[in-house]
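Residue numbers (my numbering): 743 to 1036.
So the structure is just underneath, and the comments pick up after that.
Written as structure tokens, this is what we have:
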């Protein structure tokens, strides 16, 4: 019941904020160049369905960016990460409001200054598996390579999603049969259901993302356990990425000016409201040190 009350509270607050954002967006100047923004199923970052549709963290941030970039026309394109990477390889101006920086992506994108720090990815298991994975845990963090070397385990991941350099390297070195790679939309939600039916023993994801999907899909959140991965930082920095073209570079320069206006408090609060109590308090304190002078 506490999860449902929290969900209703977030619903009322986010819908009110969304209405104010729409009302404020009508003063934009005549647009010119088109930016195609890639968005994907990644609640609560992007929310594609239900009463909170369009009110996720990245949805709201994207709205704030577009409102402050009236010199551009904007359209949103719903794609998975693999399709988004194909779009970035073209000459057309494509941007994404929430990506991690990787060496592979640096071949395709220019990156903004950091927009947001997010709580790191981790491994989510069902409560009944806790005893089985104890040998791989130290101070609540999981040794991912050792876990994946266990032939009893199979981990659900999303195609071409970056989980951070350390996790990505471990996944690349893992035998294919230890992984179930999902390619479609609502991919993490599908993996969560597969876990409930015993097809995978664990999945990788951000805890706010997994918790949101569990609450909306009828999965008992108290039955899930989240373990950060050993060797990973507590937070990952997110960026806006745009096509690696002259137009993309100019767009990033304009976007950086907007980010400097927003990230001090507004973007931090957009993310913090989706965290549970102790995690939220720690995040708000730690967020003060996320950004240097850039």
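Beta carbons: idealized from backbone N, C-alpha and C, even for Gly.
Continuous alpha helix (DSSP H) stretch holding residue i: start and end
i            : result
residue 1000 : 988-1004
residue 924  : Not the alpha helix (DSSP H): residue 924 falls in the beta strand (DSSP E), residues 921-924.
residue 952  : 949-959
First and last residue of the uninterrupted beta strand (DSSP E) at residue i
i           : result
residue 851 : 851-853
residue 779 : 775-781
residue 975 : Note, residue 975: premise wrong, no beta strand (DSSP E); not H, not E.
residue 818 : 814-820
residue 838 : 836-841
residue 871 : Counting along the chain, residue 871 falls outside any beta strand (DSSP E), and DSSP gives it neither H nor E.
residue 859 : 858-861
residue 898 : 897-900
Cutoff 8 Å; reference residue i; Cβ partners in own chain excluding five residues on either side
i            : result
residue 1002 : 855
residue 976  : 861, 862, 970, 1028
residue 835  : 775, 776, 777, 778, 984, 985, 987, 989, 990, 993
residue 1017 : 861, 950, 1025
Close Cβ partners of residue i (< 7 Å) along its chain, the five nearest in sequence each way excluded
i            : result
residue 949  : 861, 864, 968
residue 973  : 908
residue 873  : none
residue 981  : 841, 843, 853, 854, 856, 857
residue 785  : 798, 951, 954, 955
residue 712  : The chain is shown only over 743 to 1036; residue 712 falls outside these bounds and no answer can be derived.
residue 868  : 937, 965, 966
residue 928  : 783
residue 1021 : 861
Alpha carbon of residue i to alpha carbon of residue j, nearest angstrom
i            : j            : result
residue 775  : residue 814  : 5 Å
residue 888  : residue 807  : 42 Å
residue 996  : residue 811  : 8 Å
residue 885  : residue 816  : 42 Å
residue 1015 : residue 847  : 29 Å
residue 833  : residue 990  : 10 Å
residue 978  : residue 947  : 13 Å
residue 824  : residue 931  : 17 Å
residue 841  : residue 877  : 33 Å
residue 899  : residue 921  : 7 Å
residue 843  : residue 903  : 11 Å
residue 1030 : residue 839  : 21 Å
residue 905  : residue 926  : 18 Å
residue 801  : residue 819  : 12 Å
residue 893  : residue 822  : 29 Å
residue 957  : residue 1025 : 22 Å
residue 693  : residue 859  : The requested residue 693 is not part of the displayed model; the chain covers only 743 to 1036.
residue 796  : residue 788  : 7 Å
residue 881  : residue 919  : 28 Å
residue 837  : residue 1007 : 23 Å
residue 875  : residue 792  : 35 Å
residue 1019 : residue 871  : 25 Å
residue 923  : residue 780  : 21 Å
residue 879  : residue 999  : 43 Å
Other residues of its chain near residue i: CB distance less than 6 Å, five sequence neighbours each side excluded
i           : result
residue 916 : 890
residue 913 : none
Cβ neighbour criterion (16 or more within 10 Å) applied to residue i
i            : result
residue 783  : buried
residue 1023 : exposed
residue 911  : exposed
residue 939  : exposed
CB of residue i within 8 Å of CB of residue j, strictly
i            : j            : result
residue 852  : residue 994  : yes
residue 1012 : residue 799  : yes
residue 963  : residue 934  : no
residue 883  : residue 943  : no
residue 866  : residue 945  : yes
residue 1005 : residue 1033 : yes
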